[in-house]
Amino acid sequence: MSFYDVLAIIGGFTLVFYLLKLAWGCWCGFRQFVLSELWQVDLRTYGQWAVVTGATSGIGKAYASELARRGLDVVLVSRSDDKLQMIAEEIEDQYGRKTQIIQVDFKDGQSIYPAIAEELQGLEIGILVNNVGMSYSDHFAYFLEIPDAEQFPLYDYSDQKITQVINCNMLSVSQMTRLVLPGMVERGTGLIINISSEVGVRPQPLLSLYSATKIFVTYFSQCLHAEYKSKGIIVQCVAPFMVSTNMTRNMTVNCIVKSAPEFAREALNTVGHSSYTSGCLSHALQNTVLSILLPDWFRMSPFLIRKLRNIATASKYDERVCKEKLGEKEE
Ligand SMILES: NC(=O)c1ccc[n+]([C@@H]2O[C@H](COP(=O)([O-])OP(=O)(O)OC[C@H]3O[C@@H](n4cnc5c(N)ncnc54)[C@H](OP(=O)(O)O)[C@@H]3O)[C@@H](O)[C@H]2O)c1
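If you use this note's numbering, the sequence shown corresponds to residues -18 to 312, in order.
Next comes the structure, spelled out in structure tokens:
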């Protein structure tokens, strides 16, 4: 066999490998986003109640409403009592499902979980949506610019932004899971949906802390799914791109930016089809395109960091000018 024959065989195997990989990717995408429109899991089979954290606006509110629409009673967990009451009434009126509200601030850390456990006692919880999450800056910012971190006395850790972000984005996910998982294991069924982010798939400079907390959510979900799937528990990690919510300053909905209700509907369709998803076809396509056009070495390069920073500074400036102009008009 000549050297060229060997090269041809290696080339052939490589081509077949990539064609198979492409075919597998297409099948997974088709199953997740096309087939799932026709064939959906009956979410009531997991249990009577769904618990949603951060349920008073954005993605959490949309998940809570969609779960109620699909026949589940819903426990809403958030900070603001007024908003909780309002959303609960809305869900009861619109879908005729039972609701329960729990008012807590996830920033407070460990101290809130005994109270949540007490409220959840006796409920058959089939679904947990770990949605609550916070960012710390409207714009791309260096780690040392995380606002407020330095304004609090060093000994009072509970008031520090970094601790708050960790409590809200990471501690909540593991502690809420710990509260509901034993019941699910006992019944041999359950679904835990953890909302990560596209910046929890790959590291994102200038969003360092947020990105790191979301990578925690991604890994935690994947490991937990592997540990508990044989016990009948599905742990799904959802990693969206842009969804129009308060967090993204209610950006205009278009083919890139999803509305929260539409996102929650499509993402819930993927349950049973995938344990890791971007949530909707548009975000899955953006993920594929970005991973090709924006490889990690480029994403992490000083050049791109400088560019992102310049964009952030320019948009901050535009915003300030707009606000000043609005202020002048009002006067
Ligand atoms: N929007 C996006 O484009 C996007 C993209 C990727 C990932 N995500 C993730 O999706 C999740 C939801 O984001 P969102 O955009 O829907 O945010 P959002 O519109 O700001 O809603 C956040 C929800 O969490 C509640 N909340 C915030 N801080 C809380 C706290 N300390 N304790 C208790 N509840 C709290 C808020 O209610 P109260 O203010 O009443 O407490 C609200 O219901 C987050 O985990 C976020 O990281 C969002």
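For each residue, glycine too, the CB sits at the ideal point set by N, CA and C. It should be emphasised that the depicted structure is a prediction, and the values quoted were computed from it without experimental measurement.
Report the residue ranges of all alpha helix (DSSP H) runs contained in full by the segment 171 to 245; include only those spanning at least 4 residues, in chain order.
-> Counting only runs of 4 or more, we get 189 to 209.
Taking C-beta to C-beta, are residue 113 and residue 34 nearer than 9 angstroms?
-> Taking 9 angstroms as the Cβ cut-off, residue 113 and residue 34 qualify as a contacting pair.
Look at the alpha carbon of residue 59 and the alpha carbon of residue 85, and state the distance between them as a whole number of angstroms.
-> Their Cα atoms are separated by approximately 6 angstroms.
Measure how close the beta-carbons of residue 36 and residue 42 come, nearest whole angstrom, since I'm counting them as under 8 angstroms.
-> The beta-carbon separation of residue 36 and residue 42, rounded to 6 angstroms, stays under the 8 angstroms limit for a contact.
Rounded to a whole number of angstroms, what is the C-alpha to C-alpha distance between residue 239 and residue 249?
-> Each residue's alpha carbon lies about 14 angstroms from the other.
How many angstroms separate the CA atom of residue 265 from the CA atom of residue 44?
-> It is roughly 19 angstroms from the alpha-carbon of residue 265 to the alpha-carbon of residue 44.
So does residue 242 have its beta carbon nearer than 8 angstroms to some heavy atom of ligand 1?
-> Not one heavy atom of ligand 1 is found less than 8 angstroms from the C-beta of residue 242.
Taking C-alpha atoms, which residue in 100, 52 and 101 lies nearest to residue 79?
-> Taking only the C-alpha atoms, the option nearest residue 79 is 52.
Ordered list of alpha helix (DSSP H) runs contained in the segment 37 to 115, each at least 4 residues | Within the segment 37 to 115, the alpha helix (DSSP H) runs of at least 4 residues that lie entirely inside it are, in chain order, 39 to 50, 62 to 76 and 94 to 101.
Terminal residues of the alpha helix (DSSP H) in which residue 8 lies = Counting along the chain, the alpha helix (DSSP H) containing residue 8 begins and ends at -16 to 10.
Beta strand (DSSP E) containing residue 326: first to last residue?
-> In the structure displayed, the chain extends from -18 to 312; residue 326 sits before or after that span and is not available.
Where residue 251 falls: helix, strand or coil (DSSP) | Three-state DSSP puts residue 251 in coil, outside helix and strand.
Local conformation of residue 139 per DSSP, three classes = Note that residue 139 scores a pLDDT of 48, beneath 50, so its modelled location is shaky; the value from the coordinates is reported in the next line. In the structure shown, the three-state DSSP call for residue 139 is helix.
Option in 213, 14 and 196 with minimal Cα separation from residue 184 = That would be 196, whose Cα lies nearest to the Cα of residue 184.
As assigned by DSSP and simplified to three states, the class of residue 27 | Of the three classes helix, strand and coil, the one that applies to residue 27 here is helix, per DSSP.
Taking just the CA atoms, how far does residue 119 sit from residue 20?
-> Roughly 39 angstroms between the two C-alpha positions.
Ligand 1 heavy atom lying under 8 angstroms from the CB of residue 166 | Every heavy atom of ligand 1 is 8 angstroms or more from the Cβ of residue 166, so no.
Return the first residue and the last residue of the alpha helix (DSSP H) that residue 260 is part of.
-> In the DSSP assignment, residue 260 falls outside any alpha helix (DSSP H) and carries neither an H nor an E.
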